[in-house]
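Everything on this sheet refers to the single structure shown next.
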Amino acid sequence: MQTLCGLFGYTRQAYYKSIRINTKHCLEEDVVLERIHSYRKLMPRIGGAKLHYLMNQGGYRISRKSLFTILRNNSLLVRKRKKYAVTTDSRHQLKKYPNLIRGFDFESPNLLWVSDITYIRVKGEFAYLSLITDAYSHKIVGYCLHRTLESEGTMMALQMAIEATPENKRIGLIHHSDRGAQYCCNDYVKLLKSNHIRISMT
């Protein structure tokens, strides 16, 4: 072994160290893949960003870049496709707000939160995941999985985001969403305004 290592310019110690590193890397990747598959059993269409958030929340620390590399290498990236569950109904008489973020650059966290609702199939039925994401850090600051599209789910996600972010870090914060009834309803708008969060819509 020492002769072979010498031919390739390695010391024996360096060779065995590389084996230990590669073995550790493979074991760690196996753990990550196991977690990915467990989440995908419950939520087959869940994407990389949401997987990253759930894994870190669950106590497994992995960088966004490392997770996406593993997903890519194992052909596990989810391609976006047309949604078949309607999550937005803007045909209502509630007040709609102007778009405040067109052409705006955000260079730090807690300047812009983007709210969205995505659907997930759970045991053959739709459930709705309300998310609030920081536009700069891409961190999910609030979420709620709800059985219906009623405003309760979006309200709970917003409440979580507000409680997780100190008031002094929400100065000048803009909340951006579509014009769905969940975001235009009186309770949701009242919660935003009472916390001095500006409202922006598409």
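Quick note: the sequence shown uses the numbering used here, first residue -1, plus one each step. Where is the CB? At the ideal position from N, CA and C, for every residue including glycine. Every value quoted in this text rests on a predicted model; they were computed, and no experiment measured them.
Need the endpoints of the beta strand (DSSP E) that residue i sits in, please.
{"i": "His144", "result": "138 to 144"}
{"i": "Ile115", "result": "110 to 120"}
{"i": "Ala125", "result": "123 to 132"}
Since residue i and residue j should fall inside the 8 Å C-beta cutoff, what is the C-beta to C-beta distance between them, to a whole number of angstroms?
{"i": "Ile99", "j": "Ser175", "result": "Wrong, their Cβ atoms sit about 11 Å apart, outside the cutoff."}
{"i": "Thr152", "j": "Ile115", "result": "7 Å"}
{"i": "Phe104", "j": "Tyr134", "result": "5 Å"}
{"i": "Val30", "j": "Leu65", "result": "7 Å"}
{"i": "Asn97", "j": "Thr200", "result": "6 Å"}
{"i": "Ile138", "j": "Leu147", "result": "Between Leu147 and Ile138 the Cβ distance is about 19 Å, and since that is not below 8 Å, they are no contact."}
Please classify residue i as buried or exposed, where buried requires at least 16 neighbouring CB atoms within 10 angstroms.
{"i": "Ala155", "result": "buried"}
{"i": "Tyr126", "result": "buried"}
{"i": "Lys93", "result": "exposed"}
{"i": "His173", "result": "buried"}
{"i": "Ser36", "result": "exposed"}
{"i": "Ser113", "result": "buried"}
{"i": "Gly57", "result": "exposed"}
{"i": "Lys39", "result": "exposed"}
{"i": "Val120", "result": "exposed"}
{"i": "Asn71", "result": "exposed"}
{"i": "Ser61", "result": "exposed"}
{"i": "Phe191", "result": "Reading off the sequence, residue 191 comes out as Lys, not Phe. Lys191 comes out exposed."}
{"i": "Gly122", "result": "exposed"}
{"i": "Leu132", "result": "Sequence check: residue 132 is Asp here, not Leu. Classification for Asp132: buried."}
{"i": "Lys167", "result": "exposed"}
{"i": "Leu170", "result": "It is worth fixing the name first, because residue 170 is Gly in this sequence and not Leu. Exposed is the call here."}
{"i": "Ser106", "result": "exposed"}
{"i": "His50", "result": "buried"}
{"i": "Asn108", "result": "buried"}
Terminal residues of the continuous alpha helix (DSSP H) containing residue i?
{"i": "Ser149", "result": "149 to 162"}
{"i": "Met53", "result": "46 to 55"}
{"i": "Ile68", "result": "62 to 71"}
Would you mind listing the beta strand (DSSP E) stretches within the segment 175 to 199 that are 3+ residues and don't spill past its ends, in chain order?
For the segment 175 to 199, whole beta strand (DSSP E) runs of length 3 or above, ordered along the chain, are 196 to 199.
Is it true that the segment 179 to 192 meets the segment 62 to 75, where meeting means three or more beta-carbon pairs spaced less than 8 Å apart?
no
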